[in-house]
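Novice: Quick note, the sequence shown lines up with residues 1 to 275 if you use this note's numbering. Handing you a structure now.
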Amino acid sequence: MHNTTRPAARLPVPAIRAHQLNKIYPNGTRAVSDVSLTVHTNEFVSVIGSSGAGKSSLLRCINRLIRPTSGTLELFGEDITKISGRHIRQVRGKVGMIFQQFNLVRRLSVLENVLVSRLRFNSSFIGHCCTLVRHFSRNEKEFAFECLQQVGIEHLAFQRADTLSGGQQQRVAIARALAQEPEIFLADEPIASLDPHSAEVVMDTLMQIHETRHIPVLVNLHHIDFATRYGKRIVGMRKGKIIHDVPPSCLTDDLITDIYGARINEAFGELAACA
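Shown next, in the form of structure tokens:
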């Protein structure tokens, strides 16, 4: 008789897998405490918690902007916990990182700010020099323009970055991250300094990229209404720990109170400000 048993299907490798991750700063602050988290490639995950809950430190560990103190961290199946040097730069190139501060070169045009991210693909000294004097190839310019089209600001391509509104600058930052051709997006409070309309446009842009480019997104948010509207999962952090990981439909008032503790007014205060 022939064996007709089919081999078990291999599960897709998660985008992020953290196991008992810790980050203790030199002053003794335990910013991330025994965090275990898996983010799959088809997920848009919102991380919520009060200021100081460890959200930013967690994202900085994942992008290896800081080194975890202990635990393990995998990015698309690769252990990046203890990597260094050029390897760290390669990993960061795969991660589109967006911050509350837009980190644009204010005197450069929108298009030039996006083109800066193409340094990932040309590590030669000559390539760097050409970039610094703004001698970009036609293909690079066309690709950067396509990234601006995706975030809806291609009409601002030749305008200086310092003439834009906050929401427009954040979309430039997203386009710049897109131009890296990242495998995952991390966003650290991307709408914290924006007005309600601009915040919605930025979150819509991240969701569109997630859905059209099939890029996983992990975003830190104070705004609970935005977290539940866009996130397929809500991860609640308090004192460096993940204390809840639920679908948005299961985020009750009791869980929100548990996540924010005595600082519950911080959560609902920010929500009211964006109503």
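Backbone N, C-alpha and C define an ideal beta-carbon position, used for all residues, glycine too.
Measuring alpha carbon to alpha carbon, tell me which residue in GLN150, ARG229, ALA192, LEU221 is nearest PRO247.
Specialist: On the sequence shown, residue 247 is found 247 positions in, with the first residue counted as 1. Here the closest residue by C-alpha is ARG229.
Novice: In this structure, does DSSP put LEU271 in helix, strand or coil?
Specialist: As a position in the sequence shown, residue 271 is number 271, starting the count at 1. With a pLDDT of 40 at LEU271, under the threshold of 50, the modelled position of that residue is not reliable, and the figure given next carries that caveat. Helix at LEU271.
Novice: Alpha carbon to alpha carbon, how far is ARG233 from GLU200? Give it in angstroms, no decimals.
Specialist: Mapped onto the sequence shown, residue 200 falls at position 200. Mapped onto the sequence shown, residue 233 falls at position 233. Cα-Cα distance, rounded: 18 Å.
Novice: Flag this pair as yes or no: are the beta carbons of THR69 and ASP79 separated by less than 8 Å?
Specialist: Within the sequence shown, residue 69 is the residue found at index 69, counting from 1. Within the sequence shown, residue 79 is the residue found at index 79, counting from 1. No, the Cβ-Cβ distance between THR69 and ASP79 is not below 8 Å.
Novice: Taking the alpha helix (DSSP H) that ALA179 belongs to, which residues open and close that run?
Specialist: Position 179 of the sequence shown holds residue 179. Per DSSP, ALA179 belongs to the alpha helix (DSSP H) from 166–179.
Novice: Between PHE102 and GLN150, is the Cβ-Cβ spacing less than 8 Å?
Specialist: Position 102 of the sequence shown, counting from 1, holds the residue named residue 102. Position 150 of the sequence shown, counting from 1, holds the residue named residue 150. Against a cut-off of 8 Å, the Cβ pair of GLN150 and PHE102 comes out as no contact.
Novice: Apply the 10 Å Cβ neighbour rule to ASN27 and answer buried if 16 or more other Cβ atoms are within range, or exposed otherwise.
Specialist: Start at 1 with the first residue of the sequence shown, and residue 27 comes out as number 27. Classification for ASN27: exposed.
Novice: Could you check what DSSP says for GLY240 in three-state terms: helix, strand or coil?
Specialist: Here the question's residue 240 lines up with position 240 in the sequence shown. Three-state result, GLY240: coil.
Novice: Taking contact to mean 3 or more Cβ pairs, one atom from each stretch, closer than 8 Å, check whether the region 75–91 and the region 11–24 are in contact.
Specialist: yes
Novice: Look up PHE185 in the DSSP assignment and give the residues it is bridged to.
Specialist: Here residue 185 is taken as the residue at index 185 of the sequence shown, counted from 1. According to DSSP, which records beta bridges pairwise, PHE185 is partnered with GLY96, VAL217.
Novice: With a threshold of 8 Å on Cβ separation, who are the neighbours of SER109 within its own chain once the five nearest residues in sequence on each side are excluded?
Specialist: Along the sequence shown, one-based indexing puts residue 109 at 109. Counting only Cβ-Cβ distances below 8 Å, and skipping sequence neighbours, we find ALA157, PHE158, GLN159, ARG160, ALA161.
Novice: Taking Cβ positions only, does SER46 come closer than 8 Å to chain D?
Specialist: Among the chains in the structure shown there is no chain D, since it carries only a single protein chain.
Novice: Should ALA179 be listed as close to the ligand HEM, given that the test is whether its C-beta is under 7 Å from any heavy atom?
Specialist: In the structure shown, the ligand HEM is absent, as is every other ligand, since no ligand is present at all.
Novice: Leaving out the 5 sequence neighbours to the left and right, which residues in its chain are closer than 6 Å to LEU194 when beta-carbon positions are compared?
Specialist: As a position in the sequence shown, residue 194 is number 194, starting the count at 1. Within the same chain, LEU194 has close Cβ partners GLY166, GLY167.
Novice: On the CB-based measure, 16 or more other CB atoms within 10 Å of its CB, does GLN180 come out buried or exposed?
Specialist: If you number the sequence shown from 1, residue 180 lands on position 180. Its Cβ being crowded by 16 or more others within 10 Å, GLN180 is buried.
Novice: Mind listing, in chain order, the continuous beta strand (DSSP E) runs of no fewer than 3 residues lying wholly within the region 49–116?
Specialist: 70–75, 95–98
Novice: For ARG238, count neighbouring C-beta atoms within 10 Å of its own C-beta (all shown protein chains included) and say buried if the count is 16 or more, exposed if not.
Specialist: Within the sequence shown, residue 238 is the residue found at index 238, counting from 1. ARG238 comes out buried.
Novice: Count the CB pairs spanning the region 34–44 and the region 250–264 that are closer than 8 Å, and state whether there are at least three.
Specialist: Taking 8 Å as the limit for Cβ pairs, the verdict is that the region 250–264 does not touch the region 34–44.
Novice: Tell me whether LYS82 is buried or exposed, calling it buried when 16 or more other Cβ atoms sit within 10 Å of its Cβ.
Specialist: The sequence position of residue 82 within the sequence shown is 82, counting from 1. Classification of LYS82: exposed, given that the 10 Å Cβ count is below 16.
Novice: Does the distance from the C-beta atom of SER33 to that of GLY240 stay below 8 Å?
Specialist: Numbered from 1 along the sequence shown, position 33 holds the residue referred to as residue 33. Numbered from 1 along the sequence shown, position 240 holds the residue referred to as residue 240. It is a contact, given that the beta carbons lie within the stated cut-off.
Novice: With DSSP collapsed to three states, give me the class of VAL201.
Specialist: For this step, residue 201 is matched to residue 201 along the sequence shown. Residue state, collapsed to three classes: helix.
Novice: Could you tell me which of GLY236, GLU154, CYS250, HIS244 sits nearest to GLY49, measuring between CA atoms?
Specialist: Walking along the sequence shown from the start, residue 49 turns up at place 49. Taking only the C-alpha atoms, the option nearest GLY49 is GLY236.
Novice: Output needed for LEU148: all residues of its chain with C-beta closer than 6 Å, excluding positions within five of it in sequence on either side, in chain order.
Specialist: By one-based count along the sequence shown, residue 148 stands at place 148. The residues are GLU154, ALA157, ALA175.
Novice: My assumption, with CB atoms under 8 Å, is that ASP188 sits in contact with ILE98. Please give the rounded CB distance.
Specialist: The sequence position of residue 188 within the sequence shown is 188, counting from 1. The sequence position of residue 98 within the sequence shown is 98, counting from 1. With 8 Å as the limit, ASP188 and ILE98 qualify as a contact, their Cβ atoms being about 7 Å apart.
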